[in-house]
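2 protein chains.
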Amino acid sequence: MTNDERWFPSHLKELGEPECLELLAEHHVGRVAYCDDLGPVVLPVNYAVDQGTILIQTSPHSTLASRLRTAPASFQIDEFDEYTQTGWSVLVRGSAAYVDPTDLPADEDRPHTWAEGQRSLHIRITPHEISGRRLLPA
Amino acid sequence: MTNDERWFPSHLKELGEPECLELLAEHHVGRVAYCDDLGPVVLPVNYAVDQGTILIQTSPHSTLASRLRTAPASFQIDEFDEYTQTGWSVLVRGSAAYVDPTDLPADEDRPHTWAEGQRSLHIRITPHEISGRRLLPA
Chain D
134 MTNDERWFPS
144 HLKELGEPEC
154 LELLAEHHVG
164 RVAYCDDLGP
174 VVLPVNYAVD
184 QGTILIQTSP
194 HSTLASRLRT
204 APASFQIDEF
214 DEYTQTGWSV
224 LVRGSAAYVD
234 PTDLPADEDR
244 PHTWAEGQRS
254 LHIRITPHEI
264 SGRRLLPA
Chain L
134 MTNDERWFPS
144 HLKELGEPEC
154 LELLAEHHVG
164 RVAYCDDLGP
174 VVLPVNYAVD
184 QGTILIQTSP
194 HSTLASRLRT
204 APASFQIDEF
214 DEYTQTGWSV
224 LVRGSAAYVD
234 PTDLPADEDR
244 PHTWAEGQRS
254 LHIRITPHEI
264 SGRRLLPA
């Protein structure tokens with residue numbers, strides 16, 4: 134993929150994978166994306182990082198559950214400051230799969246979902262590619 | 134699509150299209166998503182709302198330009214508060230196409246990109262479906 138010109142400017146910096154992983158570990162809300170017949174779907178979710186993968190939690194009856202049984206999926210986080218017009222973003226491209234309950238980390242290391250409701254299914258996104266960018270002050 | 138259980142909880146409210154459009158009009162940074170052979174890609178962009186469509190701006194040589202010549206695309210915005218664990222999100226599903234320069238709005242109504250660099254190409258995402266959700270305090 135030729136990403137060079139995705140953001141063109143001089144004050145844009147590519148992030149290395151270690152910095153991307155640090156940013157992922159520091160945050161708790163991101164966006165999971167998948168493709169259906171009509172194109173891409175992007176949905177906010179709570180998440181946790183588990184051994185270099187992204188763990189999310191959902192109801193087994195949700196659209197997310199039906200779409201992410203075994204599928205290409207991405208996970209994205211970002212943060213922007215409208216005043217300084219700066220920010221950063223991290224994109225994890227990978228594949229999603231259901232998690233066997235015996236493969237889950239300890240309770241405190243699982244995603245903590247803000248929304249109420251039964252979410253007994255865990256889905257793991259295993260990264261194939263992690264990239265990130267930081268937009269510095271002009 | 135059965136979205137009912139996308140977020141399951143009692144304190145989650147579906148947003149009507151007028152409120153989604155208001156939120157879109159009030160913001161300047163969002164995420165464009167498309168699908169390539171490896172799955173979904175989600176990238177932050179500056180945008181403007183133009184007659185109910187989403188306008189973004191990019192370099193004609195960018196990956197975004199090559200992917201969004203005529204393609205299904207989505208656009209997403211959201212905002213979250215980690216302290217109150219509340220937030221909202223809006224998802225625009227639609228199709229992307231290049232904009233003929235004669236169809237562009239006046240300068241002040243075009244997207245204002247934070248990043249520097251030549252971005253002579255405008256892309257319009259025309260919505261097929263607009264949905265949104267608000268996560269209220271528990």
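For the record, the sequence lines run as chains D and L.
Take 134 as the starting number for the first sequence in this note's numbering and just add one per residue.
Take 134 as the starting number for the second sequence in this note's numbering and just add one per residue.
No residue lacks a Cβ here, since even glycine has one placed at the ideal position from N, Cα and C.
All values derive from a computational prediction rather than experimental measurement.
In three-state terms, what does DSSP make of residue i?
i                : result
Glu155 (chain D) : helix
Glu249 (chain L) : coil
Leu176 (chain D) : strand
Pro142 (chain D) : Bear in mind that a pLDDT of 46 at Pro142 (chain D), under 50, signals an unreliable position, so the model cannot answer this.
Assuming residue i is part of the beta strand (DSSP E), what are its boundary residues?
i                : result
Asp183 (chain D) : Ala181 to Asp183
Gly163 (chain L) : Val162 to Asp169
Pro270 (chain D) : Unbroken run through Pro270 (chain D): none, as it is neither H nor E.
Are residue i and residue j close, meaning C-beta to C-beta below 7 Å?
i                : j                : result
Cys168 (chain L) : Cys168 (chain D) : yes
Ala198 (chain D) : Leu188 (chain D) : no
Ala239 (chain D) : Ile258 (chain D) : no
Val223 (chain L) : Leu156 (chain L) : yes
Val178 (chain D) : Ala166 (chain D) : no
Trp221 (chain D) : Gln218 (chain L) : no
Arg266 (chain D) : Glu147 (chain D) : yes
Pro244 (chain D) : Ser207 (chain L) : no
Count the other C-beta atoms from every protein chain shown that fall within 10 angstroms of the C-beta of residue i, then say buried if there are 16 or more, exposed otherwise.
i                : result
Gln251 (chain L) : exposed
His255 (chain L) : buried
Ala271 (chain L) : exposed
Thr191 (chain D) : buried
Asp211 (chain L) : buried
Thr203 (chain L) : exposed
Pro205 (chain L) : buried
Ser195 (chain L) : buried
message: Please give the ranges of any beta strand (DSSP E) in the segment 189 to 243 of chain L, keeping only runs that are unbroken, at least 3 residues long and fully inside the region.
response: 203 to 214 and 219 to 231
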